[in-house]
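First residue of the sequence shown? That's 351 in my numbering, and the numbers climb one at a time after it.
Right, one structure below, let's go through it.
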Amino acid sequence: MTGTINFVNLPLNEAAEEWRIWSQVRPTEGTASVGVTEHSGTLPELLDKLLPLSDWPRRRILIETENKDWTAVFANCKRDPNLEVALKNHFSEVRGVTTVKVEDEPRSIKRIPNARSRGLWGSRGLTVYDKDGLRRWLSLRNFEPWRFDQNGEPYPFEDLDRYNARKTPDRFTHDMLVEYCLQLGLRPFDESFYAPNGRGIVVEEIAEDYDERDKYTLAEARAGYEDLSRPIVEEPIDGNALYAAGPANGVHGEIFPRTGSGYESYRKPSPWNEELDAFEVILAKYSSHPVRATLSEGLAERGVLAFPAFTLVGDPLLDVHMSSVLLEAPAEIREYTAAYMSLQFEESNNRWLHESFRPSRSQMATIRDLYKEHGLYPFDTGSEQVYRTLAIDKVVREKTDLRITEAFHAWDKSTKPPAQDGQLTADSHGYSVSWKARRMIQLNEDAIWACR
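In structure tokens:
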């Protein structure tokens, strides 16, 4: 059902209460209240309480584990639920509670002529946050080729020599992940580790009207990913019909009203508060939705300037998590980034604007040739991310007068921290979507988008 499992270093009841508090104050669109319901059953029976699945999660189930100090968290998201905002900002940063994210998806990608590929690209990861921020991050991803990255202070139990293995996939194996988790008190891949007493608690954000846009059955969510026999389901016919009246779990044990309007309660004072407010103003200039800018101290270590979180159900909200590096950037870079963050979530005729500029197969070939010509191929990130980034850049150029200039690349080089062996820095990955690469595409856009 999932390749990602999250854990909170609290007993079940305490973890559920904290998640309920977080849900009450976070700016969830259309949410009138939060329902909390305890269930009993086997692990599969408890996970069924998440149905239907969706592109944007509204329900989480917290499940007791054999290690009473740890609670597992699952969400009703079709793919990776991306619970990092709650796990890092609320539990770790504000409450001082350690959280762990475990990810392990085997490579099963299957290319199909003249059709979208099926399967999974392959990834493995371990992310630990504690009261001081990012404690440890290990990542193995198939970017064609495979790439291994790490950040944070290694634990004493880690096999550091393996990180230098000749073959990249051997630097962080499944067995290593299992052993590391065991050292932390977790057995994420052992079904008997979960629900020893059959207990799970669902925390659900309740809208005034049941309005999840698309509702997937488990089979529809797996299609094209774990299930290679079927194409990816874009419009879940079975799920929308089966759950037309609402989720599988329509009755709630307790209902709590919303108590706040957003992240303000959990935003720490910082030297960049004025810059955050100013960036929100720029975001609003390019967005037709309500916007919010929040500081995320963990992004800079990963070489990321900003990361958007967009909620679709009910009243949409664009929440952009920003690094301090961006807040200190020249005004033209902040302006362009704000437009990029906002315009990628603008729609026309019920589809994202950037989908109109998603490269065709012939355009992809032209793009790859340009990357090769400039020594930027193979991509060091997923090809879908590269093409999506370039499509959004095209929207920015179509809708604004903003352009990527040589000054962007010069600033980018000036901000690179010293590289360390095995450490992920802003200079050690991401060249496929760097300002340099994106400006190259901008300068050659006529040759790219002229062909179909």
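We treat Cβ as the ideally placed atom computed from N, Cα and C, and that holds for glycine.
| Item | Value |
| --- | --- |
| Selected residue, minimal CA-CA separation from G502, among N359, S637, D480 and A628 | D480 |
| Inter-stretch contact (C-beta, 8 Å, three-pair minimum) for the segment 466-480 and the segment 572-590 | yes |
| Cβ neighbours of Y613 in the same chain (closer than 6 Å, five flanking residues each side left out) | At Y613 the pLDDT is 36, less than 50, meaning the model places this residue with poor confidence and gives no usable figure here. |
| Alpha-carbon to alpha-carbon, L510 and S710 | 43 Å |
| Residue burial classification, R512 (beta-carbon count within 10 angstroms, cutoff 16) | exposed |
| Cβ-Cβ distance between L333 and A656 below 8 Å | As shown, the chain starts at 351 and ends at 802. That puts residue 333 outside it, with no answer to give. |
| Residue closest to W496, alpha-carbon to alpha-carbon, out of W761, L668, T354 and S733 | S733 |
| A681 burial status per 10 Å Cβ neighbour count (16 or more: buried) | exposed |
| Neighbour-count burial assignment, K722, 16 or more Cβ in a 10 Å radius | exposed |
| Given 8 Å, three or more beta-carbon pairs between the segment 685-705 and the segment 631-646 | yes |
| Range of the contiguous alpha helix (DSSP H) that encloses L331 | The chain is shown from 351 up to 802; residue 331 falls before or after that span and cannot be answered. |
| Residues near T750 in its chain [Cβ-Cβ closer than 7 Å; skip 5 each side] | A689 |
| Cβ pair R549, E368 closer than 8 Å | no |
| Spatially closest choice to F758 from S782, R738 and R788, by CA coordinates | R788 |
| D540 burial status per 10 Å Cβ neighbour count (16 or more: buried) | exposed |
| Residue environment, F357, which counts as buried when at least 16 other CB atoms sit within 10 Å | buried |
| Assigned exposure category for S458 - 16 Cβ within 10 Å defines buried | exposed |
| With 16 other Cβ atoms within 10 Å as the buried cut-off, status of A800 | exposed |
| Inter-residue spacing [alpha-carbon to alpha-carbon] between R708 and R738 | 7 Å |
| Beta-ladder partner(s) of S489, from DSSP | G475 and D499 |
| V553 vs R445 beta-carbon contact at 8 Å | no |
| H671: first and last residue of the uninterrupted alpha helix (DSSP H) it sits in | Per DSSP, H671 belongs to no alpha helix (DSSP H); it is in the beta strand (DSSP E), L667 to M672. |
| Identity of the residues DSSP links to F424 by a beta bridge | I411 |
| Proximal residues to W702 (C-beta, below 6 Å), its chain only, five neighbours per side dropped | none |
| Span separating the alpha-carbon of L360 from that of D398 | 23 Å |
| Start-to-end residues for the beta strand (DSSP E) that takes in R642 | V641 to L645 |
| Y566 versus G603: straight-line alpha-carbon distance, rounded | 24 Å |
| Environment of L362 [buried if 16+ CB atoms lie within 10 Å] | buried |
| Cβ neighbours of A679 in the same chain (closer than 7 Å, five flanking residues each side left out) | W761 |
| Three-state secondary structure assigned by DSSP to G772 | In this prediction, G772 has a pLDDT of 39, which is less than 50 and means its spatial position is unreliable; what the coordinates show is noted afterwards. Coil. |
| Cβ pair K451, T477 closer than 8 Å | yes |
| For I582, the first and last residue of its enclosing beta strand (DSSP E) | Note, I582: premise wrong, no beta strand (DSSP E); not H, not E. |
| Span separating the alpha-carbon of V670 from that of E416 | 37 Å |
| Enclosing alpha helix (DSSP H) for E678 [first to last residue] | Neither: E678 is in no alpha helix (DSSP H) and is coded neither H nor E. |
| Span of the beta strand (DSSP E), counted from its first residue to its last, around A557 | R549 to A557 |
| Host alpha helix (DSSP H) of T739 (start-end) | S733 to K749 |
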